[in-house]
Amino acid sequence: PKPLLLPRGTTVQELAEIIHRELAKNMKYAKVWGSSVKIQGQRVGPEFILSDGDLVEIKD
1480 PKPLLLPRGT TVQELAEIIH RELAKNMKYA KVWGSSVKIQ GQRVGPEFIL SDGDLVEIKD
């Protein structure tokens, strides 16, 4: 995986759209590791706002 630089306030849905339109369309949820979640690997929805340094795994 390669890192992506995203603007502040980017959502998981917007990240999925940047990667591939079909991924965004078929996304069920994402798992996030980083400072924006209480539990590492927390399952989040498409409207979740990412923070600097977050690692995201998108599930479709």
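Per this note's numbering, the very first residue in the sequence shown carries number 1480; after that it's consecutive.
For each residue, glycine too, the CB sits at the ideal point set by N, CA and C.
- The alpha-carbon of proline 1525 is positioned some 15 Å away from that of leucine 1485.
- For valine 1516, the three-state secondary structure derived from DSSP is coil.
- Contact check for aspartate 1539 against leucine 1494 fails: the beta carbons are separated by 9 Å or more.
- The residues Val1491, Gln1492, Ala1495, Pro1525, Ile1537, Lys1538 and Asp1539, in chain order, have a CB closer than 8 Å to that of methionine 1506 in the same chain once the five nearest residues on each side in sequence are set aside.
- The DSSP-derived three-state label of leucine 1502 is helix.
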